[in-house]
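Structure first, commentary second.
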Amino acid sequence: MKPAYKLDRIDVNILAVLQRNGRITNVELAEEVNLSPSPCLMRVKKLQQAGYILGYSAQIDLARLGSTMTVFTEFTLKNHRQIDFARFQEALEKIDACVECHLVSGGYDYLVKFVTGGIDDYQSIVEGLIDRGVGIDKYFSFVVLKTPFSRQHIDLIRLFGDPD
């Protein structure tokens, strides 16, 4: 388990800036959060070690690469034992096209987001899950026709305010 690290306002600001621009230089980051570069770098390293920063990545414009299809799928499992949930989640983790998996409350058990090469690819994935016997009772698919907007970051300042 990672050591506890109590966040303050500056830490939250650092996380907010890095979330918007993971390629920002330490000098620019320090300036934006009103610190000198050395203490800023130390804080970033502490945030990484404490597990607040999971990694850095590039946001890719999939449409420029080629045609894709996004599908949200509601899954309901036959049984609701811990082993049933674990088996289903394990199966999904092995599918690269599965980009999000949420255990939810309500009329179904999971809301899953797939990004596939098309309907045939998606159908093959779902049929594979059913054939593997991972406990699916029923599923409903929702093909995304258009994504008017998608936020790549969360407003940390609004959510967590001033933790001091």
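Heads up, the final residue of the sequence shown is numbered 354 in the working numbering, and it's a clean run with no missing numbers.
By construction, the Cβ of each residue, glycine as well, lies at the ideal position given by its N, Cα and C atoms.
| query | result |
| --- | --- |
| Using 10 angstroms around the beta-carbon of D299, count the other beta-carbons present and answer buried if the total reaches 16, otherwise exposed. | buried |
| What's the C-alpha gap between M191 and P227? | Since pLDDT at M191 reaches only 48, below the 50 mark, its modelled position is unreliable, and the value read off the structure follows with that caveat. So the two alpha carbons sit approximately 29 Å from each other. |
| Under a three-way DSSP split, which group does L205 fall into? | helix |
| Assuming F265 contacts V289 (C-beta within less than 8 Å), just tell me the rounded distance between them. | No, F265 and V289 are not in contact; Cβ-Cβ is about 15 Å, not under 8 Å. |
| Can you grab the Cα-Cα spacing for the pair G325 / S295, in whole Å? | 18 Å |
| With a cut-off of 8 Å on the beta carbons, I'd call T263 and S331 a contact; round off their distance for me. | 5 Å |
| What are the boundary residues of the beta strand (DSSP E) that includes D327? | 326-333 |
| Suppose only complete runs of 3+ residues qualify. What are the beta strand (DSSP E) ranges in the region 233-298, listed by chain order? | 259-267, 288-293 |
| Report the option in Q279, Y242, V305 whose CA atom is closest to the CA atom of K196. | Y242 |
| When the distance is taken between beta carbons, is L346 closer than 8 Å to Q209? | yes |
| Grab the span of the beta strand (DSSP E) containing V316 for me, first residue to last. | Where V316 is concerned, there is no enclosing beta strand (DSSP E), although the alpha helix (DSSP H) it sits in stretches over 309-321. |
| So, is D201 buried or exposed, given that buried needs 16 or more other C-beta atoms within 10 angstroms? | buried |
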